[in-house]
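Peer 1: I am attaching a structure below and will ask some questions about it afterwards.
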Amino acid sequence: MTIVTKSATIQTKGNCDISDITSEVTAKVNESGISNGTVTLFITGSTGAITTIEYEPRLLSDFKNMWDRVIPQNIPYEHNKTWGDGNGHSHVRASVLGPSLSIPFVNKRLTLGTWQQIVFIDFDNRPRTREIVLQIMGE
Amino acid sequence: MTIVTKSATIQTKGNCDISDITSEVTAKVNESGISNGTVTLFITGSTGAITTIEYEPRLLSDFKNMWDRVIPQNIPYEHNKTWGDGNGHSHVRASVLGPSLSIPFVNKRLTLGTWQQIVFIDFDNRPRTREIVLQIMGE
Amino acid sequence: MTIVTKSATIQTKGNCDISDITSEVTAKVNESGISNGTVTLFITGSTGAITTIEYEPRLLSDFKNMWDRVIPQNIPYEHNKTWGDGNGHSHVRASVLGPSLSIPFVNKRLTLGTWQQIVFIDFDNRPRTREIVLQIMGE
Chain A
1 MTIVTKSATI QTKGNCDISD ITSEVTAKVN ESGISNGTVT LFITGSTGAI TTIEYEPRLL
61 SDFKNMWDRV IPQNIPYEHN KTWGDGNGHS HVRASVLGPS LSIPFVNKRL TLGTWQQIVF
121 IDFDNRPRTR EIVLQIMGE
Chain B
140 MTIVTKSATI QTKGNCDISD ITSEVTAKVN ESGISNGTVT LFITGSTGAI TTIEYEPRLL
200 SDFKNMWDRV IPQNIPYEHN KTWGDGNGHS HVRASVLGPS LSIPFVNKRL TLGTWQQIVF
260 IDFDNRPRTR EIVLQIMGE
Chain C
279 MTIVTKSATI QTKGNCDISD ITSEVTAKVN ESGISNGTVT LFITGSTGAI TTIEYEPRLL
339 SDFKNMWDRV IPQNIPYEHN KTWGDGNGHS HVRASVLGPS LSIPFVNKRL TLGTWQQIVF
399 IDFDNRPRTR EIVLQIMGE
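Chains as they are written, first to last, in the numbering used here: chain A, 1 to 139; chain B, 140 to 278; chain C, 279 to 417.
Dropping the structure here:
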């Protein structure tokens, strides 16, 4: 059993920008030299989150519309009175979706479906440089 | 430390069909021969998701009603224009709930509560055959 | 590679009580003697959940308001007819947010952001004593 920790830096546009990080995660798993194990992905920061989705432009639009409908930006947030940076909705959305994802891989292949990509969602209301931690454990 | 990867195949009815997979997960953990560790469960596919719930018929009905209320099927989805398979809502729900779950076990016992079962939810709009990956790591 | 399982007991007030457990998780990781690895946090029970958030009082209020808006307490739940304990909304919320969280640590430091705390949310409708499982794996 071996453990390898890596990180990936990505630039986002904010405002529910959805980045496909599948190829980067695949590359880091390959670099680790580990054949079978789990990659734990973790988002450092409290206005970003991670999940999987079929990375299809119209579906990404549906996903964004859902957040605008369910946890809207344009309603009052107490948090916005504290810091005045207007991203109360970003924090609430990120906490609901969550910062961690664990994906097994077998013979160096992630166990994703054909139409299933790993995505980082930046809920903040401005462009950000983000760090994603990848911890690969296995043998 | 050892790592064992298994999979479980389940038949679903789709349309928010909720399957209790606790006994299958317990059995696979026992088969692994590992006494203490974590089982990482991962759903291959982008219209299914995993969580825990008290597997009580009326609560399952409440859970389904919540999805119909918060992320309804009968509103327009852009994704449905792309493929015409009418499952835009299925994808959005699955991405929110998420494809992975990590559960520790101690002395071969999952650390679940008495009224807490592991469930696979098939949000797709038709019956599906699904594969769930179980990766068991420990000693 | 080593594996250490610990647990933390916390008292909550229920009704969406949000407890910052970051310092307790940090302490348990330090006690484990493991320098690099992942801590898997798991909530035993079906009316509590775990995530990360900026632990700022006004944001916590926003987070609670979101649950009251999206998965309200004061609508009919079938589950409440089964047990009569009035916590149907608690179960549904907990299943959506989820019971597990995996956080990598490097050189004994959790890879959290400065404004990102680990929180346990007790959605039940009464004070509870809760057990959180921490499983630490690494080297």
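The C-beta atom is built at its ideal place from N, Cα and C for all residues, glycine as well.
1. If distances are taken between C-alpha atoms only, which option among C:Arg371, C:Ala327, C:Gly326 comes closest to Asp201 of chain B?
2. Using only CA atoms, which one of B:Ile157, B:Lys152, B:Thr148, B:Asn154 lies nearest to Lys167 of chain B?
3. If distances are taken between C-alpha atoms only, which option among C:Val374, C:Leu388, C:Ile396, C:Glu417 comes closest to Ser324 of chain C?
4. Out of C:Cys294, C:Thr280, C:Val282, state which residue places its alpha-carbon closest to the alpha-carbon of Asp346 of chain C.
5. Suppose you measure from the CA of Thr329 of chain C to the CA of Pro99 of chain A; what does that come to, to the nearest Å?
6. Comparing alpha-carbon positions, which option in A:Phe42, A:Pro104, A:Val106, A:Ser32 lies nearest Val4 of chain A?
7. Identify the continuous beta strand (DSSP E) that holds Gly315 of chain C and give its terminal residues.
8. So, with DSSP's three-state summary, where would you put Phe262 of chain B?
9. Report buried or exposed for Glu193 of chain B, applying the criterion of at least 16 other Cβ atoms within 10 angstroms of its Cβ.
10. So, is Asn365 of chain C buried or exposed, given that buried needs 16 or more other C-beta atoms within 10 angstroms?
11. Which residues in the same chain have their Cβ closer than 6 angstroms to the Cβ of Lys291 of chain C, if we skip the five residues on either side of it in sequence?
12. Using only the alpha-carbon positions, how far apart do Thr360 of chain C and Ser368 of chain C sit?
13. Excluding the 5 residues preceding and the 5 following Gln351 of chain C in the sequence, name in chain order all residues of the same chain whose CB lies nearer than 7 angstroms to its CB.
14. So, is the C-beta of Glu356 of chain C closer than 8 angstroms to a C-beta in chain B?
15. Could you give the first and the last residue of the continuous alpha helix (DSSP H) run that contains Leu59 of chain A?
16. Pick helix, strand or coil for Glu409 of chain C, following the three-state DSSP scheme.
17. Using only the alpha-carbon positions, how far apart do Gln256 of chain B and Ser35 of chain A sit?
18. Can you say whether Pro215 of chain B is buried or exposed, counting buried as having 16 or more other CB atoms within 10 angstroms of its CB?
19. If I follow the unbroken beta strand (DSSP E) through Lys220 of chain B, where does it start and stop?
20. Any idea if Ser162 of chain B is buried or exposed, counting beta-carbon neighbours within 10 angstroms, 16 or more meaning buried?
21. How far does the alpha helix (DSSP H) with Thr26 of chain A in it extend, from its first residue to its last?
22. Output yes if chain C places a C-beta closer than 8 angstroms to the C-beta of Leu251 of chain B; else output no.
23. Counting only runs that start and end within the region 87-114 of chain A, where is the alpha helix (DSSP H) found for 4 or more residues in a row?
24. Roughly how far, in whole angstroms, is the beta-carbon of Leu412 of chain C from the beta-carbon of Val317 of chain C, given that I think they are within contact range, below 8 angstroms?
25. Between which residues of its own chain and His79 of chain A is the CB-CB distance below 7 angstroms, once the five residues before and five after are set aside?
26. State the Cα-Cα distance for the pair Leu60 of chain A and Leu199 of chain B, rounded to the nearest angstrom.
27. Let me know if Pro57 of chain A comes out buried or exposed under the rule of 16 or more other beta-carbons within 10 Å of its beta-carbon.
28. In chain B, which residues lie less than 7 angstroms from Met279 of chain C when you measure between Cβ atoms?
29. Would you decide whether Thr183 of chain B is buried or exposed? Buried here means 16 or more other CB atoms lie within 10 Å of its CB.
30. Leaving aside the five residues before and after Asn125 of chain A along the sequence, list all residues of the same chain whose C-beta is less than 7 angstroms from its C-beta, in chain order.
31. How long is the line joining the alpha carbons of Ser146 of chain B and Val258 of chain B, rounded to whole angstroms?
32. For the beta strand (DSSP E) that contains Ser46 of chain A, what are its first and last residues?
33. What whole-angstrom Cβ distance do Ile296 of chain C and Ile410 of chain C have, given they're in contact under 8 angstroms?
34. Counting only the same chain and skipping the five closest in sequence on each side, list residues whose C-beta sits under 6 angstroms from that of Ile381 of chain C.
35. Going by other Cβ atoms of all chains shown within 10 Å of its Cβ, with 16 needed for buried, is Gly315 of chain C buried or exposed?
36. Given that Phe320 of chain C touches chain B, what residues does it touch there, using C-beta distances under 8 angstroms?
Peer 2: Considering the structure as presented:
1. Comparing Cα positions, the closest option is C:Arg371.
2. B:Thr148
3. C:Val374
4. C:Cys294
5. C-alpha separation (whole angstroms): 7 angstroms.
6. Each of A:Phe42, A:Pro104, A:Val106, A:Ser32 was checked against the Cα of Val4 of chain A, and the nearest Cα belongs to A:Ser32.
7. Where Gly315 of chain C is concerned, the enclosing beta strand (DSSP E) stretches over 315-321.
8. DSSP places Phe262 of chain B outside both helix and strand once states are collapsed to three, so it counts as coil.
9. Counting Cβ neighbours within 10 Å, Glu193 of chain B comes out buried, since at least 16 surround it.
10. With 16 or more other Cβ atoms within 10 Å, it is buried.
11. Pro405
12. 14 angstroms
13. His367
14. yes
15. 57-70
16. strand
17. 31 angstroms
18. exposed
19. Taken as a continuous stretch (DSSP letters only), Lys220 of chain B belongs to no beta strand (DSSP E), being part of the alpha helix (DSSP H) at 218-222.
20. exposed
21. 22-32
22. yes
23. 88-97
24. 6 angstroms
25. Gly88, His91
26. 28 angstroms
27. A residue is called buried once 16 or more other Cβ atoms fall within 10 Å of its Cβ, and Pro57 of chain A, having fewer, is exposed.
28. Met140
29. buried
30. Non-local C-beta neighbours of Asn125 of chain A in its own chain, meaning closer than 7 angstroms and more than five positions away in sequence, comprise Gly14, Asn15, Gly86, Asn87, Ser90, ordered along the chain.
31. If you draw a straight line from the Cα of Ser146 of chain B to the Cα of Val258 of chain B, it comes to about 15 angstroms.
32. Taken as a continuous stretch (DSSP letters only), Ser46 of chain A belongs to no beta strand (DSSP E), as it is neither H nor E.
33. About 14 angstroms; that fails the 8 angstroms criterion.
34. Val317, Leu388
35. buried
36. Ser241, Ile242, Pro243, Thr250
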